[in-house]
Every structure is written in structure tokens, then in C-alpha cells.
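Enquirer: For the sequence shown, my numbering begins at 390 and goes up steadily by one.
Glycine included, every Cβ here is placed at the ideal spot set by N, Cα and C.
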Amino acid sequence: MKRYGSIIGLRPAKLKEYKKLHAAVWPGVLRMIRQCHLRNYSIYLRKVAGRYYLFSYFEYTGKNFAADMAKMAADPLTQKWWDYCKPCQIPLRDRARGEWWSNMEEVFHMD
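(1) Run through DSSP, which three-state label would ARG484 get?
(2) Tell me whether the beta-carbon of TRP489 lies closer than 8 angstroms to the beta-carbon of ILE397.
(3) Contact between the stretch 456-475 and the stretch 406-425 is defined here as three or more beta-carbon pairs at a separation below 8 angstroms; is this criterion met?
(4) How is the beta strand (DSSP E) around GLU448 delimited, first residue to last?
(5) Give me the DSSP bridge partner(s) of ARG428.
(6) Which partner residues does ARG423 have in the DSSP bridge list?
(7) Starting from LEU434, follow its DSSP beta bridges and name the residues at the other end.
(8) Going by C-alpha distance, which of GLU448, TYR442, ARG392 and GLN424 is nearest LYS403?
(9) Should the stretch 453-460 be regarded as contacting the stretch 421-434, the criterion being three or more beta carbon pairs within less than 8 angstroms?
(10) Applying the 10 Å Cβ sphere with the 16-neighbour rule, what's the burial state of TYR449?
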């Protein structure tokens, strides 16, 4: 199992919409997340100096992360879900090539 943390900005005008979307995530999207071996998935919200940020955490239990993420990205229902979510988000300017959410380095963990 590997833990992942990532961060992205959130448009202030889309705050209510984003919260509403995630208060009732579509069952098919949740199924795909599970099929791609993601567990303990959480998204946190933080306002810093007038800007909103989302922090995502999940645990990956599969054997091929790239293949599972490609499977998720190819799923038509997940693509439709992202069509609603992406306009709410503001990717960080310094993110790595190919990232939407910026990956974070784990510096501490305690079981």
C-alpha cells in the first residue's frame, strides 16, 4: 500500500458547487475509484490568505498505479464527473508536467 497526497486550488465562486458535488458523489464514480484500488480517499478544504486549496489523500493498494489511473481516466462516467469538477479547480502553476493535482511528498507518517 502506498499513500498519496496532492493539492490544487479552488475557485472561490465554485466553492458551494464543489461541496455540493462531493456531498453526493455519483455511485459509478465511487465504483471506479474502488476498482482502481484507491482506499481511504479524502479531500480537505483550506482557505489561506483569501485563496482556497483542496488537499487530497488516498491509499493505493494495487500493483500498477499508472495502469489503474489510465483505466480511471478512460472511463466515460469519470470523464463526465471531471467535466463538472475541473472548472471548479485551479491547478498550481508549478505542478509537474502531466499533473492536474500537484503531488506532495510525504514527510511523516505514524500508524
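Expert: Taking the geometry as given:
(1) ARG484 sits in coil when the DSSP states are folded into three classes, being neither helix nor strand.
(2) Cβ distance < 8 angstroms, so TRP489 and ILE397 count as in contact.
(3) In this structure the stretch 456-475 lies against the stretch 406-425, because at least three pairs of beta carbons, one per stretch, are closer than 8 angstroms.
(4) Per DSSP, the unbroken beta strand (DSSP E) holding GLU448 starts and ends at 440-449.
(5) Beta-bridge partners assigned by DSSP to ARG428: GLU448.
(6) In DSSP, ARG423 forms no bridge with anything.
(7) Beta-bridge pairing links LEU434 to LEU443.
(8) Closest option to LYS403, Cα to Cα, is TYR442.
(9) Under the Cβ criterion (8 angstroms, minimum of three pairs), the stretch 453-460 counts as touching the stretch 421-434.
(10) Under this definition TYR449 is a buried residue.
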